[in-house]
Amino acid sequence: MKASRLAAAAAVAGFSVLALSAPAFAHVSVQPETTPAKGGYAVVDFKVPNERDNASTTKLEVNLPADHPLASVMPQPIDGWKVKVTRSKLAKPMEMHGEKITEAVTKVTWTADGKGIEPGYFQKFPLSIGALPDDTDELVFKAIQTYSNKEVVRWIEAQQDGQEEPENPAPVLELSAASADEHSHGSSGAEDASDKTDGKTETAAASDGSSSGGSDTTARVLGTVGIALGVAGVAYGVLAGRRRSA
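Per our numbering, the very first residue in the sequence shown carries number -1; after that it's consecutive.
This is the structure:
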């Protein structure tokens, strides 16, 4: 009896944990496909689950951080969706690859031209973004999800330190430390070393080939001389035999 009560209590507790944690997995989030290193470029996916049983998601708006503008933002085409990239003037121009940038992408909007994201499904919306800022550890995006029944959900609430997760949290992209330049130089050095090693190997092979060729030539000459001497010896023996017989 006691065991059955404990089992029932455990089941209720487990169900409660799942019920409480389910919403945390249901909001719009951003997930990197490649390492989002500071100062570099990355491909990220905005994962959008459909949370309604009686409507489809037909539109997604992603607002890029204004405090850390991104000069390069390129969406990947998705079947069944139209995409619009909105660029705006920057209040303060920034430099990128030695050039002054006066505008940046501030919003990307996907609109379904078909069924959209139906109940029970999710969709990923990929973006290539950069150059990532090097003066922050994260980028906060504000997303707006629109359903076919005109309902709008705003995923725009920022997470506060020490506070519980808000009801409609904004997607957050964690940035990793910038990769050192010497890593790439190291790769080049490795390639150069490999090339040099290959060159030495080829030179050694050529040298071995020439030595082998020389040895072959000497052997052939000696062989020819030996054959000639042998023939001469046979002839001498024949003549000597004839003289003795005479």
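The C-beta atom is built at its ideal place from N, Cα and C for all residues, glycine as well.
Return the residue from the list 84, 25, 43 that minimises the CA-CA distance to residue 67.
Ranking 84, 25, 43 by Cα distance to residue 67 puts 84 first.
According to the neighbour-count rule (16 or more other Cβ atoms, all chains shown, within 10 Å of its Cβ), is residue 46 buried or exposed?
Answer is buried; the Cβ neighbour count reaches 16.
Every unbroken beta strand (DSSP E) inside the stretch 114 to 171 [3 residues or more]
For the stretch 114 to 171, whole beta strand (DSSP E) runs of length 3 or above, ordered along the chain, are 120 to 128, 136 to 138, 140 to 145, 150 to 153.
Is the stretch 61 to 79 touching the stretch 116 to 124 in the sense that three or more CB pairs, one from each, lie closer than 8 Å?
Of all C-beta pairs linking the stretch 116 to 124 to the stretch 61 to 79, three or more are shorter than 8 Å, placing the two stretches in contact.
Option in 129, 63, 174, 48 with minimal Cα separation from residue 97:
Cα-wise, what sits closest to residue 97 is 129.
What is the DSSP secondary structure of residue 31, counted as helix, strand or coil?
DSSP places residue 31 in coil when its eight states are reduced to three.
Return yes when the Cβ of residue 165 is within less than 8 Å of the Cβ of residue 157, no when it is not.
Going by beta carbons, residue 157 and residue 165 fall outside the 8 Å limit.
Any contact of the stretch 31 to 39 with the stretch 100 to 120, i.e. 3+ C-beta pairs under 8 Å?
The stretch 31 to 39 is not in contact with the stretch 100 to 120.
Please report the Cβ distance between residue 61 and residue 113, rounded to the nearest whole angstrom; I am assuming they are in contact, meaning their Cβ atoms lie under 8 Å.
Beta-carbon to beta-carbon, residue 61 and residue 113 are separated by about 25 Å, too far to satisfy the 8 Å threshold.
Here's a check: name, in chain order, each residue in its chain whose Cβ is nearer than 6 Å to the Cβ of residue 108, leaving out the five neighbours to either side.
Excluding residues within five positions, the ones whose Cβ falls inside 6 Å are 58, 79, 81, 123.
Going by other Cβ atoms of all chains shown within 10 Å of its Cβ, with 16 needed for buried, is residue 26 buried or exposed?
Here residue 26 is buried. Its C-beta has 16 or more other C-beta atoms within 10 Å.
So, residue 134 versus residue 173, is the Cβ gap smaller than 8 Å?
In this structure, residue 134 lies near residue 173, with their beta-carbon atoms less than 8 Å apart.
Quick check: what's the CA-CA separation for residue 101 versus residue 88?
Each residue's Cα considered, the two are about 5 Å apart.
Local conformation of residue 54 per DSSP, three classes
Correct three-state label for residue 54: coil.
Buried or exposed: which applies to residue 91, given that a residue is buried once 16 or more other Cβ atoms fall within 10 Å of its Cβ?
It counts as exposed.
Do you know offhand how far residue 127's Cα is from residue 86's?
Straight-line measurement puts the Cα of residue 86 at about 16 Å from the Cα of residue 127.
Alpha carbon to alpha carbon, how far is residue 149 from residue 72?
Each residue's Cα considered, the two are about 28 Å apart.
In the DSSP assignment, what residue or residues form a beta bridge with residue 48?
The bridge partners DSSP lists for residue 48 come to none.
In chain order, what residues of the same chain have a beta carbon less than 6 Å from the beta carbon of residue 70, not counting five sequence neighbours either side?
Result list for residue 70: 128, in chain order.
Grouping DSSP H, G and I as helix and E and B as strand, with all else coil, what is residue 43?
Per DSSP, reduced to three states, the secondary structure at residue 43 is strand.
Considering only residues of the same chain and omitting the five flanking positions on each side of residue 49, which have a CB-CB separation below 6 Å?
Within the same chain, residue 49 has close Cβ partners 24.
Measuring only the C-alpha atoms, how far is residue 152 from residue 44?
Rounded to whole angstroms, the separation of the alpha carbons of residue 44 and residue 152 is 14 Å.
In whole angstroms, what separates the C-alpha of residue 170 from that of residue 55?
The alpha-carbon of residue 170 is positioned some 21 Å away from that of residue 55.
Alpha carbon to alpha carbon, how far is residue 53 from residue 142?
Answer to the nearest angstrom: the Cα atoms are 16 Å apart.
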